[in-house]
Structures are given as C-alpha cells and as structure tokens.
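What follows is one structure encoded as structure tokens, with my remarks underneath.
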Amino acid sequence: MISQTGLIRYFRKLSCSRSQLIRFYGYVAKKSRTYNDAIELLNTLQTPHKKLKPRPDSNGNSYAESNVKLRACLLHLGYSISDLNRLNIVHITGTKGKGSICAYVDSILNKYRLSNGLPLRVGLYTSPHLVSVRERIKIDSTTISAEKFTKYFFEVWDRLEQPSIRNGTSTLIEKPVYFRYLTLLSYHIFLQEQVNTAIYEVGIGGEYDSTNIVECPLATGISTIGIDHTSLLGNTLSSIAWNKAGILKKNCPNFYVDQKPEALAVICERAEERQVKSSQNVKILPQLEKVKIQPTAKFQQRNATLAIYLSHTALQKLDPNYNYSLSTSAPLPSFFVDGLEQVIWRGRCEKIVEKSLTWYLDGAHNSISMKVALKWFAKESIEELHGAEPIIGRRILIFNQQGRRDSFSLLEDLHREAVTRKVSFDHVIFCPTEPEECDERKDCINLSIDRELIYGMVQQKQFAEMWKSLGHQGAQVHVLRSLEKSIKFTRDLSMNPNGKYHVLTTGSVHLVGRALGILEGVESL
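Positions in the sequence shown are counted from 1; adding 9 to them yields the numbering used here.
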C-alpha cells in the first residue's frame, strides 16, 4: 500500500492546479493533522515562480484588492478590524534594520514585563524564518510551539473552508497566499492567546502589505530606506519611500531614523497627508555609547534608538504607572539596557566557532546590508588574523541569492566592498540554497524559485563567471551542488592543522537560515 508521503510525492509530480493540490492536501491533513501536515498545506499557498507578477499597476490596485480580501477573511474568522486594536500594534517598516528594531522592541518590552507585570503578553511577528516557519510568531520572546501552531493553523484553515453566507447566497472564501495567510494566522493566535501588545515587521513595502490592515497602531517606525524589491516597489527612492510610509496612520505617532533627502521628503508628505499625531526624526541617543550593542556600529545605534522611542511610546500607553521621561541626558533604565544587550536575533552579524573554523553569518540581501556585513566581517577577521599576535588564516566565502533580478549587482557590491576593506578570499563557493530533493523538511521549501534553474545550478555558474571577471584575487572558485556539500567541503578544508579559517556566509536570510539549521542540527531556532 502506498504511504502518505509517497502519495504526496506522486501528486506533486502531476500537473495539478493549486485548488486541486489544496483539496488533496486538505484530505491528507484531515487524516492526521500534524505540524508537517500544516506546513504542507501552507506551502500550497505559495505562488509558483511562473505565476509571479511584476510590479502592480500605478495605482497598486492588485495589492489593494488583496488587502480587501484579507479583511474579508478576518471577518470570516469572526473578528472585526477593530479587534486588532486590542493588540496595541507597534508597526515597523524600512529597507535595512527593521527586523533588528522589531527584536529590540520585543526584548525591551519583555524585560519591562518581567519586572512590572505589564504588558501582560508580548507578541512578535517577523519574516522570513530561518529554519522553522514557527519562528515568525513569538509570544513573550518564545517561538510558538509546534502543537499550538498546528492547532491554530487548522482553526483558520477549517473556517476558511466554510462558505460565507450572505443574503441567502453561499460564497467560497479564497484563501490568502502564503505570507498573507501567516499574517492572518498571527492575528488569530495573538487574539486567542490574549496578547495585549504586538510588534509587526512589514513583509515588503508597507502600503499594500498584509500587516497594514490594522487601523489604529500604537506607533509606527521607519528604519533606513534604500533601493530594494524594485520589481514590486519601483526603482526610485521616492516610490519605495511612498510605499513604506503607507503604514502611517491618522492620530498615530511615527518615528524614523535619518534618511536620504528624497526619502525624507516623501515621509514628510505622507505624514501630513495621513494626519499623523507626530512624525519625529530620532537621533542617536548619547547614552548608547555605554551600552554593549552588537555589532558596535553607528547603524545599529540608530536602530536601537528607534527601538527605544517606539518602546517608550508603547509603555506610556500600556502602563499607567510608567513615568520615565526620555531625554538625551538621563541614564537609560535597566530594562532598556538589558533589552538591547541581551536581545537574541539570529543570522545577523552572527559568529559560530568550531575549533579552527569560524562561521560569520549575515543575511545581507541588498546593497545597504551587504556593505554593513562586509564592514563587520572585515573588522572581525582582520583583528583576529592580524592582531597583536598575527596567525595564519584563510578566508572562505559562501554566497547565494536565488531568483532576484538584482542578485548579480549584490555580488558586485560584495566584491567591491571586499576590495575596499582589503579582504581577500582563498576560496569562493556558490551553491543553491534549496535542499536537495531527498530532504524531507517542509519549512524551507520555496516554490517561487525555478526548480530547473536550481538543479541546473544555472545562476551559481553565472555567479562564478562574474566573480572571475571582477578579479578573483587568486581565489579558487567552486560551484557546489548544495549547501550541505559546501559546509562539508569547508569543514574538510579546516582539518588542516595550520591556522584559522574564517567563513563568510551571506546573500540571503534563507541561505543563512539553512546554514544555521545544518551547523546546529536543529529544526527550529
């Protein structure tokens, strides 16, 4: 008798429509309803690469319509849009640093909660995940369990399977696509779990993002804006800033870090248009010079400052007894300092040491973040190899960014920054991020990527040729079948007893996430 797993593989090979696959997976899931069943169903909501749409029309009608449908799904679950106000949402967008800022706010609020009992429960919704989908949804700084994720996933799924009946007419509800479904699920989880403040990281942009259906957030924040996701947001700084500033709301305070003039002008225009309560450009707090923030860089101090202002605004509403006055001279309370110093945000400027081998992992995926990653790596590597007691050292680069138009310009940015920082690599490895077909884990499956290009390693071969044309500085350039093989190859190199090996792994959050899962042998972080 054919196994359930075998049946799933068989149906995957057939040319089935999404609706047919959803019905099939739904049938399978009802038989067992495990976490893997939930992820199988969730993956059917991914948009196949052949159906990916370019930037919407100039009015953004296609994405605006998606949020209308998402609101309808929320109502179908039994919630009103105003129910989201109970979550006291802190909403954060930007190009660089928004994830770190979310993690800082979450950490600060949880430190305050442990000492003062408020907020009662803190939710955090971020993307993408590193190893497990569950990592996107946290409560009180803890990833939601597989059991709870599964329970709530099927509550939402089953409710959306039931038709909507209005005026005697039955209408099937169209399920949101992958990220929008997870956003809807996060609303359901946080409301059911009695979360009374939640930090939401925008997925892409802001104006049409599924996190933007909330009407009355507690506060909004904008990190550094740069050029990214141009196929969706436009290729000018002003068009991208317009989209990101779409999270601003009437009578809601907004905070933002220093921006380029073009982006700043748009933020100010949209703030006036949206009639925000206030829109403040926050400057680095001098007290942060004494706070141990990692990495120790100005950009991270900017992120930390924005997180402090957002947390301060949240606590003013959430705790009637909160009486701290934020200034540039008063010492920061311990919950701010501890929240910033003890934050856990994996895959960003992260080091893992294995005997003579040190992994440097950063999910840099755009020009701004790549410059930051190379600056961090150069400083760390040069200090160790060429410090007071110089040691023999070799550097290895593992890079991939799959399926994005600007992947090659990102690699060029990496090469240019490495030359500028006087960092040379002995080995440069290009490999697919996606697991080989035999991998049974579902959390890392990405259907939006062309599988033929992956298995043919087309892009990786092009990366290799490009690196050579840029001037590979004597590096041995390799194209390897998988990330697993790349890690094994690197570990084998490090068996040489002479010296240290520094490995920079970068190019995307997905690549770094899979690397962490392999290096630590875990199914969730």
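Yeah, the Cβ is synthetic: ideal placement off N, Cα and C, and Gly gets one too.
1) For Ser195, which residues from the same chain have a beta carbon less than 7 angstroms from its beta carbon, with the 5 sequence-adjacent residues on both sides left out?
2) Compare the beta carbon distance of Asn94 and Cys225 with 9 angstroms and say whether it is the shorter of the two.
3) In angstroms with no decimal places, state the Cα-to-Cα distance between Leu462 and Gln468.
4) Would you say Asp237 and Ile377 are within 9 angstroms of each other, going by their C-beta atoms?
5) In the DSSP output, what is Arg175 paired with across the bridge?
6) Are the Cβ atoms of Ser232 and Tyr187 separated by less than 9 angstroms?
7) Thr442 by DSSP, collapsed to three states: which one?
8) Report yes if the C-beta distance between Gly215 and Thr102 is below 9 angstroms; otherwise report no.
9) Just checking my contact of Val285 with Lys253 at CB under 8 angstroms: how many whole Å lie between their CB atoms?
10) Label Pro262 either buried or exposed according to how many other C-beta atoms from any shown protein chain fall within 10 Å of its C-beta, with 16 as the threshold for buried.
11) Considering only the beta carbon of each residue, do Phe408 and Gln471 sit closer than 9 angstroms?
12) Quick check on Asp115: buried or exposed, where buried means 16 or more other Cβ atoms within 10 Å of its Cβ?
13) Between the alpha carbons of Lys292 and Glu74, how many angstroms are there, rounded?
14) Just to confirm my understanding: we take Ala280, look at its own chain, exclude 5 residues before and 5 after, and list those with CB closer than 8 angstroms. What are they?
15) Buried or exposed, going by whether 16 or more other CB atoms sit within 10 Å of the CB of Glu426?
16) Does the Cβ of Glu156 have 16 or more other Cβ atoms within 10 Å, making it buried, or fewer, making it exposed?
17) From Leu96 to Arg130, what distance separates their C-alpha atoms?
18) Give the list of continuous alpha helix (DSSP H) stretches no shorter than 4 residues that lie fully inside the region 202-261.
19) Report the partner residues of Asp371 according to the DSSP bridge assignment.
20) Could you check what DSSP says for Lys286 in three-state terms: helix, strand or coil?
21) What residue does the beta strand (DSSP E) around Gln485 start on, and which one ends it?
22) Excluding five sequence neighbours on each side, which residues of the same chain lie with their C-beta closer than 6 angstroms to the C-beta of Ala473?
23) Over the uninterrupted alpha helix (DSSP H) stretch that includes Thr43, give me the two end residues.
24) Out of Ile98, Ile234 and Asp371, state which residue places its alpha-carbon closest to the alpha-carbon of Ala382.
25) If you reduce the DSSP assignment to three classes, tell me which class Arg403 lands in.
26) Applying the criterion that 16 or more other CB atoms from any shown protein chain within 10 Å of the CB defines a buried residue, is Ala228 buried or exposed?
27) Ordered along the chain, which non-local residues of its own chain (more than five positions away) have a Cβ less than 8 angstroms from that of Asn52?
28) Looking at Ser533 and Thr152, is the spacing between their C-beta atoms short of 9 angstroms?
29) Please state if the CB of Phe158 and the CB of Leu50 are separated by a distance shorter than 9 angstroms.
30) Can you tell me where the alpha helix (DSSP H) with Tyr318 in it begins and where it stops?
31) Taking the alpha-carbon positions, what's the Arg500 to Lys509 distance?
32) Within this structure, are the beta carbons of Ile110 and Leu319 separated by less than 9 angstroms?
33) Asn263 bridges to which residues according to DSSP?
34) Buried or exposed for Ser67, please, with buried defined as at least 16 other CB atoms from any protein chain shown within 10 angstroms of its CB.
35) Counting along the chain, where does the beta strand (DSSP E) carrying Glu359 start and finish?
36) Which same chain residues end up closer than 8 angstroms to Asn312 when comparing Cβ atoms and leaving out the 5 residues on each side of it in sequence?
Well, looking at it:
1) Excluding sequence positions up to five before and after Ser195, its CB lies within less than 7 angstroms of the CB of Tyr134 and Ile146, all in the same chain and listed in chain order.
2) yes
3) 7 angstroms
4) yes
5) Note: Arg175 sits in a beta bridge opposite Thr178.
6) It is not a contact, given that the beta carbons lie outside the stated cut-off.
7) Three-state DSSP puts Thr442 in coil, outside helix and strand.
8) yes
9) Not really, about 14 angstroms apart at Cβ, beyond 8 angstroms.
10) buried
11) In this structure, Phe408 lies away from Gln471, with their beta-carbon atoms at least 9 angstroms apart.
12) By the C-beta density criterion, Asp115 is buried, having at least 16 other C-beta atoms within 10 angstroms.
13) 37 angstroms
14) Ala254, Leu257, Asn263 and Ser288
15) buried
16) exposed
17) 10 angstroms
18) 239-242 and 246-253
19) Thr515
20) Annotated three-state conformation of Lys286 is coil, per DSSP.
21) Gln485 to Val488
22) Phe439, Val486 and Val488
23) Counting along the chain, Thr43 falls outside any alpha helix (DSSP H), and DSSP gives it neither H nor E.
24) Asp371
25) strand
26) Its Cβ being crowded by 16 or more others within 10 Å, Ala228 is buried.
27) Tyr187, Lys451, Ile454 and Leu456
28) Taking 9 angstroms as the cut-off, the beta carbon of Thr152 is found closer than this to the beta carbon of Ser533.
29) The answer is no: Cβ separation not under 9 angstroms.
30) Lys307 to Leu327
31) 12 angstroms
32) yes
33) Thr229 and Ser288
34) Residue placement at Ser67 is flagged as unreliable, the pLDDT there being 46, under the threshold of 50; a coordinate-derived value is accordingly withheld.
35) Glu359: member of the beta strand (DSSP E) spanning Glu359 to Glu363, first to last residue.
36) Gly106, Ser109, Ile110, Tyr113, Ser232 and Val266
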